[in-house]
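Trainee:
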Amino acid sequence: MVGTAGFEREQDCLVKVTLKDTGGLNIHINSKLKLLFGKQMLEAVKDAANELKVENADIEVSEFGSLDFAIRARVKTAIRRARGAKYEEA
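First residue of the sequence shown: 1090, per the working numbering; consecutive thereafter.
1) Using the Cβ count rule (16 or more neighbours within 10 Å means buried), how would you classify M1193?
2) When you compare the CB positions of A1146 and A1138, do they come within less than 8 angstroms of one another, or not?
3) What residue range does the beta strand (DSSP E) around G1127 cover?
4) Should T1093 and A1162 be called a contact, given that it needs their Cβ atoms to be closer than 8 angstroms?
5) Answer with buried or exposed for V1091, where buried requires no fewer than 16 other C-beta atoms within 10 angstroms of its C-beta.
6) Less than 8 angstroms between the beta carbons of E1149 and C1102, yes or no?
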């Protein structure tokens, strides 16, 4: 199951989530700012996945200057779309 969220434009990010049965979280971040903010970006992705109880997934993030709250929101949306849910209560 695959879900995407976001756009390839300034101050946003494009996230692709592929849910799996095994293998843990495999997170790949593509960003020009990865050397400066890579740890914060990785933590934002992990936090969002943990909040939605995702333990096994491939998560690809193409980041274009977005803030951590935007990364979290995009990851959560992509996970929900991969699960096939249109709406999910918090």
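Heads up, the beta-carbon is just placed ideally off N, CA and C, and yes, glycines get one too.
Mentor: The structure says:
1) Summary: the structure shown does not reach residue 1193, with the chain confined to residues 1090 through 1179, and so no result is reported for it.
2) yes
3) Looking at the DSSP string, G1127 is not in any beta strand (DSSP E); the run it does join, the alpha helix (DSSP H), is K1123 to E1140.
4) no
5) exposed
6) no
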